[in-house]
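Numbering (the numbering used here), first residue to last: 2 to 192. Below you'll find the structure, written out as structure tokens, and then a few comments.
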Amino acid sequence: MIAKRALFLDRDGVINQDLGYTSRVEDFRFIDGIFDLCRSATQSRYLLIVVTNQAGIGRGYYSKKDFWALTEWMRERFKAEHAPITDVFYCPFHPEHGVGDYKKQSFDRKPNPGMLLRASEKHDLDLKYSIMIGDKDSDMQAARSAGVGLRCHYLAGISDAAPSAAATNAIHTLSEGIPLLNSFKSIQGDV
2 MIAKRALFLD
12 RDGVINQDLG
22 YTSRVEDFRF
32 IDGIFDLCRS
42 ATQSRYLLIV
52 VTNQAGIGRG
62 YYSKKDFWAL
72 TEWMRERFKA
82 EHAPITDVFY
92 CPFHPEHGVG
102 DYKKQSFDRK
112 PNPGMLLRAS
122 EKHDLDLKYS
132 IMIGDKDSDM
142 QAARSAGVGL
152 RCHYLAGISD
162 AAPSAAATNA
172 IHTLSEGIPL
182 LNSFKSIQGD
192 V
């Protein structure tokens, strides 16, 4: 039986440039290499799953409806690039800056592993054969806590930046993630 595995992606700072609370198509800028990386992952039989903190909802900067409209547009772009996103998990809460019901702790908010664990349960994933690419220490901490086997800290071309202690690898371009996907696959065999 082939184990199901995922390439988990943070959104802001990995899929798109993090311009601060991106909520509109006209402000969404894909990061170079994201489609090549995701096509390679799909060809290697990884499910593509986005796990993203979206405190902009909790802060009242945009609505869930705005988030889902942008998400559906993004998913269509990935589908057109032959790299369909399997699922998107998000956390709208913030423990300090949330407004009303959104001001609270959440097991889903990274660095907690809730979104990854929910994705694993929903899609019957083997997390030790899965990969997380994120640009923040909180992404790496969440992935380590969930038991994700390969944790790539994307340092966006900053050569002197220190990777998270929770990361297993550091990459400076998304294209550097492609051989890691493939080498991780060969280490694990044809799972």
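Beta carbons are placed, not taken as given, at the ideal position from N, Cα and C, and that holds for glycine. Every value quoted in this text rests on a predicted model; they were computed, and no experiment measured them.
I'd like to confirm the pairing. Which residues does DSSP put opposite residue 126 in its beta bridges? For this step, residue 126 is matched to residue 125 along the sequence shown. For residue 126, which the question treats as bridged, DSSP gives the partners 5.
Mark residue 154 as exposed unless 16 or more other C-beta atoms lie within 10 angstroms of its C-beta, in which case mark it buried. Working through the sequence shown from its first residue, we reach residue 154 at position 153. Using a 10 angstroms sphere on the CB of residue 154, the tally of other CB atoms reaches 16 or more, which defines it as buried.
Could you name each continuous alpha helix (DSSP H) segment of 4 residues or more that falls completely within the stretch 160-189, going from the start of the chain to the end? For the alpha helix (DSSP H) assignment, the uninterrupted runs of no fewer than 4 residues enclosed by the stretch 160-189 are, from N- to C-terminal side, 178-189.
Taking buried to mean at least 16 other C-beta atoms within 10 Å of its own C-beta, is residue 68 buried or exposed? Along the sequence shown, one-based indexing puts residue 68 at 67. With 16 or more other Cβ atoms within 10 Å, it is buried.
Mind the definition here: the stretch 101-115 touches the stretch 68-85 only if three or more C-beta pairs lie below 8 angstroms; say whether that holds. The stretch 101-115, when compared against the stretch 68-85, does not touch it at the 8 angstroms Cβ threshold.
When the Cα of residue 128 is compared with those of 119, 172, 136, which residue comes out closest? Taking the first residue of the sequence shown as position 1, residue 128 is located at position 127. The shortest C-alpha separation from residue 128 is found at 119.
Just the C-alpha distance for residue 242 and residue 56, rounded to the nearest angstrom, thanks. Missing from the structure shown is residue 242; the chain here goes from 2 to 192 and no further.
I'd like to check one pair, residue 58 with residue 10: are the Cβ atoms closer than 9 angstroms? Here residue 10 refers to the residue found at position 9 when the sequence shown is read from its first residue. Here residue 58 refers to the residue found at position 57 when the sequence shown is read from its first residue. Their beta carbons are not under 9 angstroms apart, which means residue 10 does not touch residue 58 by this criterion.
What is the rounded straight-line gap between the Cα of residue 87 and the Cα of residue 182? Against the sequence shown, residue 87 aligns to sequence position 86. Against the sequence shown, residue 182 aligns to sequence position 181. Taking the CA atoms as reference points, residue 87 sits about 17 angstroms from residue 182.
Report yes or no: do three or more beta-carbon pairs, one from the stretch 20-31 and one from the stretch 96-105, lie closer than 8 angstroms? With a cut-off of 8 angstroms, the stretch 96-105 and the stretch 20-31 do not count as touching, because too few Cβ pairs lie within range.
Just to confirm, is the Cβ distance from residue 124 to residue 42 under 9 angstroms? Taking the sequence shown and counting its residues from 1, one reaches residue 124 at position 123. Taking the sequence shown and counting its residues from 1, one reaches residue 42 at position 41. Result no, Cβ atoms of residue 124 and residue 42 do not sit closer than 9 angstroms.
For residue 1 and residue 156, which I take to be in contact (beta-carbon distance under 8 angstroms), what is that distance rounded to the nearest angstrom? Outside the shown range of the chain, which is 2 to 192, sits residue 1, and nothing can be said about it.
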